[in-house]
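Numbering (our numbering), first residue to last: 176 to 435. All C-beta atoms in this analysis are idealised placements derived from N, C-alpha and C, irrespective of residue type, glycine included. This structure is a prediction, so every number in the text was calculated from the model and none was measured. The next block holds one structure in the form of structure tokens; read it before the comments.
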């Protein structure tokens, strides 16, 4: 049955809100509440919990000695000015990175360091939120181990642009929900690949997601998320089109705007 039972629970409240005057899809905090705290940090996860996000998305990369940490960019340029690949760092070196000082003018987040995947999952679950893990690098086996060690198989979603990674992940852990990400127009070949993969979740770039595209993805049996949407009129449009989840940098604003 794969991870279908997980999604029955996760989206149960959507069915309730659809019967009410306002239908508010699942609100997903993109890299945490990245409008109010530096992305992919403990601070952004805490802010997303406070903002009322349902899911908290974050990115994982693997250090050269095999530890999964939260980090989006391929290199350190945004943080240190150097184009050093993240994967060239060992855990201890990566853990010392200041990933908060760049955010805002007050240096209020200068103490933020990249959390481990284990820590990030714990932060989300302790706040009553579902972790949406976007794999950038690192093996399927490494991700599965962390999730299983935490006994969080039914409490997370793992998504990726790399569908080959998702195929390997599903072989190793069919009980963990997976999400296929895309940022291109959907042609017959891509749709056939999705039908074969049968992801639980499909996350698509708003530039290429249409109402008919949402219907096609639903036909595969997947829940549909759109990223990254911050404009309220677009959030309302995707809601009207039937999107199940809205990925946004401003989860608090999205929820309050759609609830009005």
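| Query | Result |
| --- | --- |
| Out of 275, 225, 250 and 201, which one is the CA nearest neighbour of residue 215? | 275 |
| Whole angstroms are fine: how far does the CA of residue 235 sit from the CA of residue 312? | 7 Å |
| Classify residue 414 as buried or exposed, calling it buried when 16 or more other Cβ atoms lie within 10 Å of its own Cβ. | buried |
| Could you check what DSSP says for residue 242 in three-state terms: helix, strand or coil? | coil |
| What's the gap between the Cα of residue 392 and the Cα of residue 398? | 8 Å |
| Cα separation between residue 254 and residue 244? | 15 Å |
| On the criterion of 16 or more Cβ atoms from any shown chain inside 10 Å, does residue 402 qualify as buried, or is it exposed? | buried |
| Touch check for the stretch 299-318 and the stretch 215-235: three-plus C-beta pairs under 8 Å? | yes |
| Among all the DSSP beta bridges, which residues are the ones paired with residue 435? | Beta-bridge pairing links residue 435 to no other residue. |
| Which partner residues does residue 201 have in the DSSP bridge list? | 420 |
| With distances taken Cα to Cα, identify the nearest neighbour of residue 424 among 416, 408, 434 and 404. | 404 |
| To the nearest angstrom, how far is the alpha carbon of residue 420 from that of residue 335? | 16 Å |
| Please name the residue in 409, 369 and 382 whose C-alpha comes closest to that of residue 394. | 369 |
| Given residue 224, which residues of its chain have a CB within under 7 Å of its CB, disregarding the five upstream and five downstream residues? | 302 and 304 |
| With which residues is residue 400 paired in a DSSP beta bridge? | 378 and 420 |
| Going straight from the alpha carbon of residue 203 to that of residue 400, what length do you get? | 9 Å |
| Using CA atoms only, rank isn't needed, just tell me which of 434, 319 and 359 is closest to residue 350. | 319 |
| Once the 5 residues before and after residue 417 are set aside, which same chain residues still bring their CB inside 6 Å of it? | 389 |
| State the start and end residues of the unbroken beta strand (DSSP E) segment that holds residue 235. | 230-237 |
| I'd like to confirm the pairing. Which residues does DSSP put opposite residue 355 in its beta bridges? | 335 and 377 |
| Buried or exposed: which applies to residue 367, given that a residue is buried once 16 or more other Cβ atoms fall within 10 Å of its Cβ? | exposed |
| Could I get the ranges of all uninterrupted alpha helix (DSSP H) runs contained in the stretch 294-346, with 4 residues as the minimum, in chain order? | 315-324 |
| Look up residue 291 in the DSSP assignment and say whether it is helix, strand or coil. | strand |
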